[in-house]
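Working notes, structure below.
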Amino acid sequence: MKSDNESLSFVEFSEFCMELEKTSSTLELASRISEYLRKIKNDDDLYNFSLFILGRVYPPWDEREVGVGVGLIYEALRISTGLNKAQIENFVKETGDLGIASEMALSKKLQTSLFVQELTLQYVREVFDSMSALKGEKSQKKKIKMLVDLYSSASPIEARYLTRLLLGEMRLGVGEGILRDAIAKAWGLDADLIERAYMITNDFGTVAITAKNEGLEGLKKLKIKPHIPVRMMLAQVAESIESAISEMGKAAVEWKFDGTRVQIHYSDGKITIFSRRLENVTRALPDVVNMVKENVEEGVILDGEAIAVKDGRPLPFQNILRRFRRKHDVAKAAERIPIIVQLFDILYCKNDHFDGETIDLPLRERRRILEKVVKENEGLKVAKQIQTSDPKEVKRIFDESLEAGHEGVMIKNPESTYIPGKRGKNWLKLKEVMETLDLVVIGGEWGEGKRSHLLSSFVLACVDDNGELIPVGKVATGFTDEDLEELTELFKPEIEFEEGKKVIINPKYVFEVAYQEIQKSPKYESGFALRFPRFVRLREDKDVSEADTLERVSRLYESQFKA
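Numbering of the sequence shown is given in this note's numbering, commencing with residue 1 and proceeding in unit increments.
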């Protein structure tokens, strides 16, 4: 390790990553990381380490992006090593990993760099910051030059983890839970306290620095701040209406809307809207911004659902995601795909009605405040809620929701607090359809005939106990031609390697997939396969870390045999 004022070398970080890659035990991973954290003296290094180890350059809510895809990495490797693209592609073919391919390319490079800059965590951060600031026609060329300089200065092992960091996938088996436990262990703190601090800041760098320098009291002082998103509370699946009511007694019942979650911040004259993945989608929703400005009291953070509508009926979920992705002609998209926002919770209120965080208040009290700060109109509603302990009344609301084109009901405990990022029994959801799986796209195949220019089938993976992605099947049905056009454009920049019709895809996106049944199968590493899988929708509101686990696939498999 360097002295307090010197930045940690990237080669030392890379060597540590290599050690982690060989470690399969989650407990050992957390233990090793905690030991390493304690050795880091420099706060900048601690911040960078806490994000880089997860494959992140910025917190998920930060709008900055390095903006480097597979194509730019190939070009930078080609220039910095003197190898041709086919040689680098062969390395990817051998390993299935552009990170290892980068390492192999650097170890066989044909030319020596005249100028070599020692890479440190902070230097890499500064280069990435410079890349994220680039705009305009020549930005790609400038990024390639910066990348070439990085790879020319990198050792082979550094190249492996530089590439993975650029792609946002470190492949270490280290997820948020392991890093949370490591930070707690490093400074002798409670993991639940670290969890809460992270769920309200969504910045492990800030949490780690606070834990190191201020300990328990500092973490307690971390509070919700407007314009920094809070992880959204989630719901468990209810087995039945009767079991849900039995669990809660009197329940607060709302429709389960067929839309996507939004978190709306209105403070200091500014409105910011975040998706469930904590992405800032404000620019894509000018209509929602205007509705909030005109109908909501300032000084609040609201939780709700955005629903695309036509003639009063909800449009398919994908229409909302198209609005979120829209960067041009935003006003036209708002006219073509109007949105209704149904608000159902309030996380923060600093005005005449309250003075700060509301998440520790019971739901019934939060609801009372919510109704005071929102003036409803056609596009902005406070979700209708009925409190009842009668299963027949819940069934009536459930049927009413389905009739209106929505998904079912939410059954909530009126006395429950809002627990950011948690999926618990205080919120239960009941849907008409069989449970689906949310799986990560890791590969695909080009189609045939008129679909030869489109990716028409996709390899899917679940997450194992070590956080690794393991295949569980392919999906090739349920897509419209429009779906395949959009998905092909989305995945093209993420293709790491092609051989014939098959492609390896950087794991960045999640599909919701329906199926007839789950079968045991030696064909896939997971040990399971989906029978008659069918594409339901792209879950752009879900991060890869939120994909379904092998444990859940196994549980669903077993549940098929229960009476």
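Quick reminder that beta carbons are idealized off the backbone N, C-alpha and C, glycines included.
Exposure label - residue i; buried when at least 16 CB within 10 Å
i: residue 548; result: buried
i: residue 84; result: exposed
i: residue 35; result: exposed
i: residue 286; result: exposed
i: residue 237; result: exposed
i: residue 553; result: buried
i: residue 116; result: exposed
i: residue 86; result: exposed
i: residue 192; result: exposed
i: residue 491; result: buried
i: residue 576; result: The chain is shown from 1 up to 563; residue 576 falls before or after that span and cannot be answered.
i: residue 406; result: buried
i: residue 531; result: exposed
i: residue 597; result: Here the chain comprises residues numbered 1 to 563, so residue 597 is not present and cannot be evaluated.
i: residue 17; result: buried
i: residue 312; result: exposed
i: residue 81; result: buried
i: residue 279; result: buried
i: residue 404; result: exposed
i: residue 377; result: exposed
i: residue 107; result: exposed
i: residue 487; result: buried
i: residue 482; result: exposed
Proximity to residue i [Cα-Cα], best of the options
i: residue 213; options: 44, 90, 496; result: 44
i: residue 63; options: 541, 362, 132, 179; result: 132
i: residue 474; options: 525, 427, 486; result: 525
i: residue 359; options: 478, 340, 301, 323; result: 301
i: residue 21; options: 369, 157, 67; result: 157
i: residue 184; options: 207, 166, 118, 174; result: 207
i: residue 11; options: 98, 123, 458; result: 123
i: residue 24; options: 542, 514, 178; result: 178
i: residue 544; options: 224, 173, 81; result: 173
i: residue 513; options: 529, 72, 523; result: 529
i: residue 176; options: 367, 33, 13; result: 33
i: residue 291; options: 450, 374, 497; result: 374
i: residue 303; options: 367, 425, 245, 353; result: 367
i: residue 142; options: 67, 542, 271; result: 67
i: residue 418; options: 121, 288, 224; result: 224
Close Cβ partners of residue i (< 6 Å) along its chain, the five nearest in sequence each way excluded
i: residue 447; result: 454, 456
i: residue 415; result: 362
i: residue 540; result: 321
i: residue 477; result: 534
i: residue 267; result: 226, 299
i: residue 340; result: 307, 309, 379
i: residue 281; result: 273, 275, 324
i: residue 458; result: 441, 444, 475
i: residue 48; result: 121, 125
Cut-off 7 Å between Cβ atoms - residues of its own chain near residue i, not counting five sequence neighbours on either side
i: residue 330; result: 283, 284, 286
i: residue 469; result: 440, 442, 461, 463, 507
i: residue 499; result: 93
i: residue 231; result: 199, 202, 420, 421
i: residue 537; result: 317, 318, 512
i: residue 104; result: 91
i: residue 649; result: With the chain covering 1 to 563 only, the question about residue 649 has no answer from this structure.
Opposing strand residues paired with residue i [DSSP bridges]
i: residue 84; result: In DSSP, residue 84 forms no bridge with anything.
i: residue 504; result: 443, 497
i: residue 514; result: 534
i: residue 36; result: DSSP output for residue 36 lists no bridge partner at all.
i: residue 341; result: 306, 380
i: residue 529; result: 519
i: residue 355; result: 350
i: residue 9; result: 120
i: residue 549; result: 463
Within-9 Å CB hit, residue i to chain E
i: residue 200; result: Given the protein chain composition of this structure (a single chain), no chain E is represented.
Other residues of its chain near residue i: CB distance less than 8 Å, five sequence neighbours each side excluded
i: residue 427; result: 233, 234, 235, 236, 410, 411, 412, 413, 416
i: residue 253; result: 385, 386, 387, 388, 393, 394, 397, 409, 410, 411, 412
i: residue 129; result: 64
i: residue 109; result: 80, 81, 82, 83
i: residue 351; result: 297, 298, 299, 300, 373
Residue i CB to nearest heavy atom of the ligand ADP below 8 Å
i: residue 523; result: Absence of the ligand ADP from the depicted structure is noted, as is the absence of any ligand whatsoever, leaving it without description.
> Of all the alpha helix (DSSP H) runs that stay within the bounds of the segment 373–417, which reach a length of 4 or more residues?
Replying inline: The DSSP assignment places complete alpha helix (DSSP H) segments of no fewer than 4 residues inside the segment 373–417 at 391–403, in order along the chain.
>> Threshold first: 3 residues or longer. Then list the beta strand (DSSP E) segments lying entirely within the segment 249–334, N to C.
In response: Runs of the beta strand (DSSP E) inside the segment 249–334: 251–256, 260–267, 270–275, 300–310.
> Which full runs of the beta strand (DSSP E) of 3+ residues lie inside the segment 411–473, going along the chain?
Replying inline: Listed in chain order, they are 423–431, 437–446, 455–463.
>> Please give me, in chain order, every unbroken run of the alpha helix (DSSP H) with length at least 4 that falls completely inside the segment 115–146.
In response: The qualifying runs are 121–133.
> Which residue spans inside the segment 203–251 form an unbroken beta strand (DSSP E) run of at least 3?
Replying inline: Runs of the beta strand (DSSP E) inside the segment 203–251: 234–237.
> Which runs of the alpha helix (DSSP H) fall wholly inside the segment 150–208 and span at least 4 residues, in chain order?
Replying inline: Fully contained in the segment 150–208 are the following alpha helix (DSSP H) runs of length 4 or more, in chain order: 156–167, 176–186, 191–201.
> Whole alpha helix (DSSP H) runs in the segment 55–84 with 4 or more residues, listed along the chain?
Replying inline: As for any alpha helix (DSSP H) of minimum length 4 sitting wholly inside the segment 55–84, the runs are 70–81, ordered along the chain.
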